[in-house]
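This report concerns only the one structure given below.
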Amino acid sequence: MKVETKYFGTVEVKEKETVHFEQGLPGFESYHAFVLLPVDEAGLYYALQSCEDKKVSLIVTSPYLFQKTYEFEIGDGAQLELEIEKPKDVAVYSVVTLREPFHESTLNLQAPILVNVHNGKAKQVILAEENYQTRCPLVQGKGGEQHARP
Amino acid sequence: MLVLNRKAGESIRIGDEIELKIVSVEGGQVKLGIEAPKHVEIHRQEVYAAIQEENEEATMFSETLLDLLKSSKKD
């Protein structure tokens, strides 16, 4: 099927490549079908593009590239909803909020996006523990370890 | 909106599965106990609103920033 995108023109997507948010995303509750499109060659960033509205496109990335110790428990509700049986079933993404200047960009670690890689069912969960913030700096410090690039 | 008066220790039942208990009322703060099935998600409203706002903000950025990301390389 053809999907009109915000940044990549019209792309051809196979049905099985779409991810389905039964309840939408907070703020975008009425959109359910999305597709993950690679942004960079290294495959660090993806655009989570709505198949229903080309204007709705969020940048996501793997939180583990930025926080090696990131961990949380997946609640029973999400496990049931996404039909998750084992940890390997799940891909985890965090929403990136790009800001100007770039080093003010942040990562939402409090609300990871879970995707069951087998059936494409997805959900943005809100972690009850408050150890992870919605606005974790994407670029850690200066001159130190820097995965965000540039 | 349905408005009910309840005292500490009293409960409200929502449907068959959810019980909301007033644990205590002190100095303008109500402590609630919520008994609900595990698949029912319960969040503080302001946390949900913050995530909504963050997602909305995340869709708005200039293409210049996206171009910066496109040149990202793995370490």
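Protein chains in written order, with our numbering: chain H, 7 to 156; chain G, 697 to 771. By construction, the Cβ of each residue, glycine as well, lies at the ideal position given by its N, Cα and C atoms.
Mind pulling the chain G residues with CB within less than 8 Å of S63(H)? T755
Indicate the three-state DSSP secondary structure (helix, strand or coil) for H26(H) in the structure shown. strand
Could you work out which residues of chain H lie near E752(G), taking near to mean beta carbons separated by less than 7 Å? G33
Check the Cβ-Cβ distances between E106(H) and every residue of chain G, and say whether any is below 8 Å. yes
Given a limit of 7 Å on CB to CB distance, which residues of the segment 127-141 of chain H reach chain G? I132, T140
Here's a check: name, in chain order, each residue in its chain whose Cβ is nearer than 7 Å to the Cβ of K60(H), leaving out the five neighbours to either side. E10, T11, K12
Cβ of D46(H) within 8 Å of any chain G Cβ: yes
Could you check whether the Cβ of N114(H) sits closer than 8 Å to any Cβ belonging to chain G? yes
Identity of the residues DSSP links to G174(H) by a beta bridge: Nothing can be reported for residue 174(H), as the shown portion of chain H is limited to 7 through 156.
Proximal residues of chain H, C-beta to C-beta of Q748(G) below 7 Å: P32, G33
Buried/exposed call for V137(H), threshold 16 Cβ in 10 Å: Going by the sequence as given, residue 137(H) is Asn instead of Val. Exposed is the call here.
Our contact map puts N122(H) next to V96(H) with C-beta atoms below 8 Å; I'd like the distance itself, whole angstroms only. 6 Å
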